[in-house]
Amino acid sequence: MKVSATLFLLPVFFVLGWAQCPVPADLKREDGTKACALLYTENSPYYDQCCAGNVMEVEPGEDQPYMPSGFNNKVSSVVVAQRCELNVWSSKAKGGKTRKFKAGAFPRLQEYRRGIFGDWNNAISGYYCTCS
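Quick note on numbering: the sequence shown equals residues -19 to -1, 1 to 113 in mature numbering (1 follows the signal peptide of the UniProt record, and there is no 0).
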């Protein structure tokens, strides 16, 4: 029985070991503080290759109605820390569509709908991040 359970869980450990997106608990720093979220500019059709490219670290309480030019409408993957929320907008100055991402990893933003025809891949133009 132990052997069959081990063989069953073995593929799960390999998949988790190859994933590049950090888990929300990993956003805690050595000095005890934590980042509110990480925003990545590249993703992949394969989950183990997501959360790549340039990364922007978002601090708790950070409010950016205008994204930096290197990240405006270029974010493809998001990781939000435990007990945090990331509110995003599709247009500058907190205009357009809005979405709230709670704690977790969101490796492929094209899987999250933005209206009828759109998705959140390369669509974030402003954000506000809070932690409790």
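C-beta: ideal position from N, C-alpha, C; glycine also. Nothing here was measured: the structure is a model prediction, and the numbers come from that model.
Query                                                                                               : Result
Quick one, are the C-beta atoms of L67 and C17 less than 8 angstroms apart?                         : yes
Is Y109 near A74, with beta carbons less than 8 angstroms apart?                                    : no
Report yes if the CB atom of Q63 is closer than 8 angstroms to the CB atom of P5, and no otherwise. : yes
Kindly indicate which three-state DSSP category K55 falls into: helix, strand or coil?              : coil
Measuring CA to CA, which of Q45, R95, G96 is closest to G107?                                      : Q45
In terms of alpha-carbon separation, which member of G13, E23, K15 lies closest to G51?             : E23
What are the boundary residues of the beta strand (DSSP E) that includes K81?                       : 76 to 87
So for Y28, helix, strand or coil by DSSP?                                                          : helix
At the level of alpha carbons, what is the spacing between A33 and F98?                             : 26 angstroms
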